[in-house]
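Following: one structure in structure tokens, then a few remarks.
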Amino acid sequence: MSTQANPSSAPSPWRDPVILLAVPAVLYLLVVYAYPLLWLLMKSFTGPSGLTIQPYISFMSDPFNWRVIGNTLRVAAWVTLFCFVIGYPAAFALARAGTVVQIVMLVSIILPLSIGAVVKAFAWQIVLRRDGVVSQLLVGLGIWDEPQRLLFTETGLVLGAANIFLPFMILPIYSVVKLIDPRLSEAGATLGATPLYSFTHVTLPLTLPGIVSGVAFVFSMSVSMFVIPSLLIGDRFQTLATLTGRSFLLMRNEQLGSTTAVILLTLAVAIVVGSTWLARRLGGST
Amino acid sequence: MTATERLTRTFVWFIAAFTVVFLMTPLIVTIAVSFGSSTVFTLPPPDWSLRWYQRLANTRGLLPALMVSVQVAAISTAIAMVLGTLCAIALVRGRFPGREAIATFLISPLMLPGLVIGIAMLQGFKALGLRDVYASLFVAHVVITLPYVVRTVVGALSLFDFSLIDAARTLGCNYPMALMRVLVPALAPAFLTSGMFAFLASMDNYPISIFFTDAWTKTLPIQMLQYVEETPDPTIAAISAGLVLLAILVLIIGDRLVGLRKLADF
């Protein structure tokens with residue numbers, strides 16, 4: 000046995016030479032990624048006379064900005080809900096399907112992943128028009144009396160965004176569902192559990208880690224999406240991300256942009272930290 | 000089978016069918032519109048034609064933008080593969096504190112808003128004196144591609160049995176040869192999957208690239224979005240359909256080399 004079998008015999012864990020292999024990547028990200036982000040954070044708290052939270056106070060005292068935050072969270076919540084309601088059963092179908100169905104489903108999940116958001120959002124512009132596929136379908140089914148335009152509405156935005164983010168809900172859930180032995184629920188049934196009971200007590204807890212990572216993925220992507228709202232709903236409707244983009248790219252208002260950018264960053268970090276913590280807790284309990 | 004079970008099963012299959020149709024809709028619509036003759040996006044098109052494909056060659060800016068995107072994606076993916084693989088080995092093999100924190104840090108660009116990263120980098124690069132458009136795009140896109148490589152290669156390495164390398168050395172290989180003959184083939188699927196997704200993520204990136212492009216050098220998504228806003232005609236559908244075909248090709252190759260199910264390992 001080598002010395003590796005007994006790590007405590009090493010004088011210091013930092014002496015392990017393999018750590019050097021991580022240095023280039025970590026150093027790279029520190030210089031071009033972490034340092035700029037910290038700088039942005041610092042600058043947003045720096046006024047003409049030193050440290051200040053004035054930009055945040057004036058941002059929060061404007062009711063328009065509260066609407067922007069509300070828009071961001073509401074749309075992200077609807078997109079996440081839509082993706083979950085479709086994605087959860089779809090992940091089960093994908094895991095339990097026969098070869099042919101599984102291939103069809105995998106192709107329809109992976110292929111759109113390899114095509115850019117600009118292309119897909121552009122396609123949804125066509126789909127959501129008054130004479131588009133969705134409108135025709137709903138009129139044909141008798142749900143709508145006459146064709147309506149969904150483009151440039153919140154519903155249209157949610158539909159388009161959910162379409163683009165759905166694979167990121169299905170795949171993490173699929174990765175845990177495929178590990179579950181289908182005989183578990185049969186065993187439960189033999190022992191007298193109703194299907195509902197065995198779902199809530201066996202299947203659901205086992206899939207929770209997948210749900211957490213899928214929800215975290217979709218929610219954080221929906222909060223920070225920028226191209227999709229600008230194509231599907233336009234400038235009337237502002238989210239934190241579109242406001243950040245506009246204030247840097249169009250209005251040249253770096254003060255406002257830095258403030259919204261930091262709020263967006265905080266939100267994203269909270270989602271990452273929260274979901275990691277949840278996943279670890281769930282992982283530990285199973 | 001009980002009634003509840005049958006109902007659940009029907010529901011699940013209904014959702015599965017809906018998912019397939021829903022996910023494929025934008026691709027099918029794009030392809031259908033690109034072969035239509037109408038200048039507005041009518042479905043079904045009144046007549047079929049290739050006029051938008053012919054126009055593609057004469058549309059200023061789209062092909063150069065495609066070239067820029069391919070170059071930036073290829074080079075940044077290559078750099079990310081080297082940096083990411085080295086780092087993944089350290090993360091899996093090393094015994095030092097904070098390994099998990101480092102892994103999270105390396106994957107974090109994937110989870111943070113691209114726009115915010117772009118803004119921060121724009122100011123950071125200015126402070127570092129980096130003004131060249133190409134260089135900025137390369138440097139920025141390595142940050143986009145690195146997380147894909149680290150995530151997938153760490154996953155593959157933690158399943159790899161390192162005693163195989165010792166076995167190869169016992170059988171007469173020297174250390175680099177053992178790595179080449181045992182480790183590299185075992186990691187090949189991970190390289191392919193992560194390389195593919197990293198490349199596509201770079202090709203697709205809008206919110207970071209937008210801060211580093213100028214009037215002369217644009218990446219494809221930026222040129223396309225500008226085109227959609229200025230002249231909304233199916234030329235953009237033609238180039239999109241081209242990208243869909245390219246993606247299908249890549250997917251077929253990926254399936255042949257590592258299998259579709261592996262590609263879904265997320």
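Residue numbers (numbering that gives the first Met the number 0), protein chains in the order written: chain A, 0 to 285; chain B, 0 to 265. The beta-carbon is built from N, C-alpha and C at its ideal position, and this holds for glycine as well.
The continuous stretches of alpha helix (DSSP H) do not include Val30(A), and DSSP gives it neither H nor E. Contact between Tyr34(A) and Gly123(B) holds, with the beta-carbon distance rounding to 6 Å and staying under 8 Å. The beta-carbon of Thr243(A) is placed less than 9 Å from the nearest beta-carbon of chain B. By a beta-carbon distance limit of 8 Å, Val17(A) contacts Gly93(B). Their separation comes to about 4 Å. The Cβ atoms of Leu186(B) and Ala155(B) sit closer than 9 Å to each other. In the displayed model, Trp143(A) falls within coil according to three-state DSSP, outside both helix and strand. In this structure, Val227(B) is the residue among Arg260(B), Val227(B), Val249(B), Phe10(B) with its C-alpha nearest to the C-alpha of Lys119(A). Per DSSP, the continuous alpha helix (DSSP H) segment holding Trp65(A) begins and ends at 62-95.
Under a 10 Å Cβ-count criterion, Gln124(A) is classified as buried, with 16 or more other Cβ atoms of the shown protein chains found around its own Cβ. Where Tyr226(B) is concerned, the enclosing alpha helix (DSSP H) starts and stops at 219-229. Within the segment 88-131 of chain B, complete alpha helix (DSSP H) segments of at least 4 residues are found at 98-106, 113-127, given in chain order. The C-beta of His140(B) has 16 or more other C-beta atoms within 10 Å across all chains shown, which makes the residue buried. With respect to chain A, the C-beta atom of Arg150(B) has no partner C-beta closer than 9 Å. A Cβ-Cβ separation of about 18 Å leaves Ser174(A) out of contact with Val201(A) under the 8 Å criterion. Fewer than three beta-carbon pairs drawn from the segment 254-269 of chain A and the segment 204-211 of chain A are found closer than 8 Å, and the two stretches are therefore not classed as touching. Between Ile74(B) and the set Phe13(B), Phe10(B), Ala16(B), Ile143(B), the nearest pair of CA atoms involves Ile143(B). For secondary structure counted as the beta strand (DSSP E) over 3 or more consecutive residues, the segment 155-201 of chain B holds no complete run. Among the residues facing chain A, Tyr133(B) is not included, as its CB has no counterpart in that chain under 9 Å away. Listed along chain B, the residues sitting closer than 8 Å to Asp15(A) by beta-carbon distance are Gly93, Arg94, Phe95. Using beta-carbon distances, Thr275(A) counts as an interface residue toward chain B, with a partner under 9 Å. By the rule that beta-carbons nearer than 9 Å mark a contact, Gly97(A) does not touch chain B. Per DSSP, Ser107(A) is one residue of the alpha helix (DSSP H) stretching across 98-112.
Only exposed fits Ser48(A), as fewer than 16 other CB atoms lie within 10 angstroms of its CB. Relative to the Cα of Leu109(B), the nearest Cα in the group Val39(B), Lys261(B), Arg5(B), Ser201(B) belongs to Ser201(B).
Straight-line measurement puts the Cα of Ala134(B) at about 16 Å from the Cα of Ala214(B). In this structure, the CA atom of Phe10(B) is about 12 Å from the CA atom of Ala2(B).
In terms of beta-carbon proximity, Thr18(B) lines the interface with chain A, with at least one pair separated by less than 9 Å. Contact of Ala122(A) with chain B by beta-carbon distance below 9 Å involves Thr24, Pro25, Leu26, Ile27, Val28, Thr29, Val32, Ala236, Ser239. Closest in C-alpha terms to Val117(A), from the list Ala260(A), Trp276(A), Leu230(A), comes Leu230(A). Annotation: the continuous alpha helix (DSSP H) that includes Met23(B) extends over 2-33. With 16 or more neighbouring CB atoms inside 10 Å of its own CB, Trp51(B) falls in the buried class. At a cut-off of 9 Å, the C-beta of Met59(A) has no neighbouring C-beta in chain B. Burial state of Asp180(A) is exposed, judged by a 10 Å Cβ sphere holding fewer than 16 other Cβ atoms. Within chain B, the residues Leu111, Pro112, Gly113, Leu114, Val115, Pro206 have their CB atoms less than 9 Å from the CB of Ser223(A), given in chain order.
For the pair Trp47(B) and Ser33(B), the Cα-to-Cα distance works out to about 9 Å. Looking at the DSSP output, Gly46(A) shares a beta bridge with Gly49(A).
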